[in-house]
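Colleague: One structure follows; several queries about it will come next.
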Amino acid sequence: MMKYGDEHVEHRFTLSFTESELRGQWQDFFLGIHEADGEVFPEELIDPSVLVICNLAGEIVQIVLHDEGCDCEFQFTFSEKAQIEAYMKQHVNV
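Written out as structure tokens, the structure reads:
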């Protein structure tokens with residue numbers, strides 16, 4: 249997780265499914281994100297979570313880092329997104 253425009257920083261985390269919502273042509277999945285042992289997220293993040301937006305065919309369209317339930321100035325790195333995609337395929341069947 250890194251602020252837009254900041255230096256590339258990788259974080260280790262675990263994920264948990266919290267809920268999903270059908271929104272027209274999109275299926276939104278909300279995931280909890282938790283620091284891995286010994287990991288510390290950026291201190292500016294108060295309550296991070298993940299929004300995964302899929303089309304109705306189950307393809308991931310977008311992965312968004314939320315803080316306190318809203319879009320924020322942080323984004324996931326490529327490998328962090330890959331970890332989220334793998335979680336979705338294994339645990340949420342997309």
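Per our numbering: the sequence shown = residues 249 to 342.
Note that CB positions come from ideal geometry on N, CA and C, so glycine has one too.
Just verifying my parser: in three-state terms, what is the DSSP assignment at E283?
Modeller: Counting from 1 along the sequence shown, the entry for residue 283 is found at position 35. Residue state, collapsed to three classes: strand.
Colleague: Please state the DSSP three-state secondary structure of Q314.
Modeller: What you label residue 314 is simply residue 66 of the sequence shown in a count that begins at 1. Contrary to the premise, residue 314 reads as His rather than Gln in this sequence. Looking at H314 - three-state DSSP - the assignment turns out to be strand.
Colleague: Sort out for me which residues DSSP pairs S264 with in a bridge.
Modeller: Stepping through the sequence shown from its first residue, residue 264 is reached at position 16. Its beta-bridge partners are G280.
Colleague: So the candidates are A305, R271, L313; which of them puts its Cα closest to the Cα of F261?
Modeller: Translated into positions along the sequence shown, residue 261 becomes position 13. Nearest option by C-alpha distance: L313.
Colleague: Leaving out five residues before and five after L256 in sequence, what residues of the same chain have Cβ atoms less than 8 Å from its Cβ?
Modeller: Taking the sequence shown and counting its residues from 1, the one referred to as residue 256 is at position 8. In the sequence as displayed, the identity of residue 256 is His instead of Leu. Result list for H256: M250, T325, in chain order.
Colleague: Select from D254, G253, Y335 the residue whose C-alpha is nearest the C-alpha of L299.
Modeller: As a first step, residue 299 is located in the sequence shown; it is residue number 51 there, counting from the start. Closest option to L299, Cα to Cα, is Y335.
Colleague: Find the nearest neighbour of Q338 within the set I301, L263, D319, judged by alpha-carbon distance.
Modeller: By one-based count along the sequence shown, residue 338 stands at place 90. Of the candidates I301, L263, D319, the one whose C-alpha sits nearest the C-alpha of Q338 is L263.
Colleague: Can you give the Cα-Cα distance for S268 and G253, rounded to whole angstroms?
Modeller: Your numbering for residue 268 matches position 20 in the sequence shown. Your numbering for residue 253 matches position 5 in the sequence shown. Going by the C-alpha atoms only, they are around 30 Å apart.
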